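Enquirer:
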Amino acid sequence: MAGVARRGDADAAGIGLAIYRALLANGSCERETVNASLGLADEEAAAGWRELDDLGLVRPSWRPGKTDSVEPDTALMGLLAKQRETLLAQRDELTAVVKAAETLMERYRPMVTREPADVEVEVLSGPARRREFVLDFAATISEVVSSMHPGPLPPPEFLENSLETDRAFIDHGIRVRAIYGQSVNSGPRQRKYLSDLTALGAEVRLIPQVPFDLLVADEHSALMTSDPSNPEGPAVVIRGQTLIRTYLAMYEDCWLRAVPHTAKTSTSPDDEHELTEQHRTTLRLLANGLTDERIARKLGVSLRTVSRLVSEVMRYLDAESRFQAGVLAASNDLI
237 MAGVARRGDA
247 DAAGIGLAIY
257 RALLANGSCE
267 RETVNASLGL
277 ADEEAAAGWR
287 ELDDLGLVRP
297 SWRPGKTDSV
307 EPDTALMGLL
317 AKQRETLLAQ
327 RDELTAVVKA
337 AETLMERYRP
347 MVTREPADVE
357 VEVLSGPARR
367 REFVLDFAAT
377 ISEVVSSMHP
387 GPLPPPEFLE
397 NSLETDRAFI
407 DHGIRVRAIY
417 GQSVNSGPRQ
427 RKYLSDLTAL
437 GAEVRLIPQV
447 PFDLLVADEH
457 SALMTSDPSN
467 PEGPAVVIRG
477 QTLIRTYLAM
487 YEDCWLRAVP
497 HTAKTSTSPD
507 DEHELTEQHR
517 TTLRLLANGL
527 TDERIARKLG
537 VSLRTVSRLV
547 SEVMRYLDAE
557 SRFQAGVLAA
567 SNDLI
């Protein structure tokens with residue numbers, strides 16, 4: 237056999253090719269004999285033999301301890317046959333998995349009862365679409381309508397339509413509940429509307445701070461603003477008892493903390509100069525570092541009203557600055 241000079245950087249492909257050429261030239265041989273004839277140590281030749289084994293270009297000879305070469309076409313057919321066996325096995329495994337999944341879904345899953353949790357969310361863009369929806373929304377109410385509004389109140393014509401809708405609800409035996417921010421009770425027009433609503437038979441309550449506009453129909457649907465800081469923006473409709481129960485729980489919490497509206501309800505200090513809940517809420521918001529603009533949005537009032545409330549609080553506490561008012565309020569347990 238012709239010798240081959242050793243090269244330390246010979247790669248597996250080059251070594252494998254040299255080994256294969258030697259086998260073709262000399263027939264069946266022991267691997268150590270081939271390695272020696274090529275001038276390769278067994279460790280160096282290992283990578284070449286591994287490549288020939290992987291490609292199916294060598295196989296054990298019928299003569300013990302020796303190795304035969306395999307023609308490339310035959311090796312290729314062998315590789316394809318192996319791949320086919322692998323694919324068939326994977327197909328069988330996939331078929332078994334699909335069958336098991338069908339059994340789980342069709343036979344066993346129906347035995348586990350689940351509570352329906354279907355929830356639908358719809359965004360209403362534009363005032364026209366919102367008004368149209370409210371009319372359809374009202375037709376779905378059969379037991380109770382619960383609403384809350386931070387204020388300010390909408391224009392008079394809207395309030396007249398709202399009173400007519402609430403009157404129709406009450407005439408049909410539907411319970412009407414409404415929560416308003418105490419700021420809504422601050423002017424003659426607002427007080428008249430609340431009195432008219434109460435006279436219809438609606439249950440009206442006032443609370444220092446209402447989080448956002450909300451209208452809930454029975455226990456199946458709710459209408460609210462998509463952004464509490466922008467009441468004129470798009471509205472959001474939510475359908476589905478699973479989520480509506482959460483909003484109703486929040487509403488009930490506000491309802492329990494609110495006070496019933498009466499003709500004597502007032503939002504300014506009384507004759508004995510006591511602070512109202514609205515003044516106390518203003519104090520708490522000031523103490524939390526909110527600006528006048530944010531306080532106005534929280535209370536549903538104008539900046540002018542916030543300035544008046546702050547002035548009344550400072551006058552009540554005999555404070556010369558807002559900071560001093562906060563200190564005095566804290567020391568007197570007013571916040």
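Mapping of the sequence shown onto the numbering used here: residues 237 to 571, in sequence order.
Built from N, CA and C at the ideal position, the CB exists for glycine as well.
Please read these numbers as outputs of a predicted model, since none were measured by experiment.
1) Once DSSP output is grouped into helix, strand and coil, what is the label at V412?
2) Quick one: what's got a C-beta closer than 8 Å to E439's C-beta in the same chain, skipping five residues either side?
3) Just verifying my parser: in three-state terms, what is the DSSP assignment at A471?
4) DSSP three-state label for H456, please.
5) Among all the DSSP beta bridges, which residues are the ones paired with M384?
6) Going by the beta-carbon positions, is the gap between P470 and V359 smaller than 7 Å?
7) Below 8 Å, how does it come out for the stretch 471-486 and the stretch 448-457: are there three or more Cβ pairs, yes or no?
8) For the beta strand (DSSP E) holding Q443, just list the boundary residues, first then last.
9) In angstroms with no decimal places, state the Cα-to-Cα distance between L591 and V357.
10) The beta strand (DSSP E) that contains L360, what's its start and end?
11) Verify whether the separation of the beta carbon atoms of L430 and M384 is less than 7 Å.
12) Using 8 Å for Cβ pairs, my map puts L433 next to D407. What's the rounded Cβ distance?
13) I'd like the list of long-range same chain contacts for E508, defined as Cβ closer than 7 Å, with 5 residues on each side in sequence excluded.
14) So what does DSSP say about T461, is it helix, strand or coil?
15) L535: buried (16+ other C-beta within 10 angstroms of its C-beta) or exposed?
16) How close, in whole Å, do the beta carbons of I251 and E280 come, if the pair is a contact with beta carbons under 8 Å?
17) Are P444 and E513 closer than 7 Å when you measure CB to CB?
18) What is the residue span of the beta strand (DSSP E) that T303 lies within?
19) Does the stretch 361-380 touch the stretch 332-352, meaning 3 or more C-beta pairs lie closer than 8 Å?
20) Got a sec, what are the start and stop residues for the alpha helix (DSSP H) R540 sits in?
21) Answer with buried or exposed for N397, where buried requires no fewer than 16 other C-beta atoms within 10 angstroms of its C-beta.
22) From G263 to R320, what does the alpha carbon distance come to, in whole angstroms?
23) Any heavy atom of the ligand NAP inside 6 Å of the beta-carbon of G301?
24) Do A494 and R544 have their beta-carbon atoms positioned less than 7 Å apart in this structure?
25) To the nearest angstrom, how far is the alpha carbon of T527 from that of P467?
Expert: Reading it off the structure:
1) strand
2) R411, V412, R413, A414, P496
3) strand
4) coil
5) I415, L450
6) yes
7) yes
8) Going by the sequence as given, residue 443 is Ile instead of Gln. It spans 439-443 - the beta strand (DSSP E) in which I443 sits, taken as one unbroken run.
9) Summary: the structure shown does not reach residue 591, with the chain confined to residues 237 through 571, and so no result is reported for it.
10) 356-360
11) no
12) Actually they are not in contact, since the Cβ atoms of L433 and D407 sit about 14 Å apart, beyond 8 Å.
13) Only weak support is given to the placement of E508: the predicted model assigns it a pLDDT of 44, under 50, and the question is left unresolved by the model.
14) strand
15) buried
16) 7 Å
17) yes
18) 303-305
19) no
20) 539-553
21) exposed
22) 30 Å
23) Because no ligand of any kind appears in the structure shown, any question about the ligand NAP cannot be addressed here.
24) no
25) 19 Å
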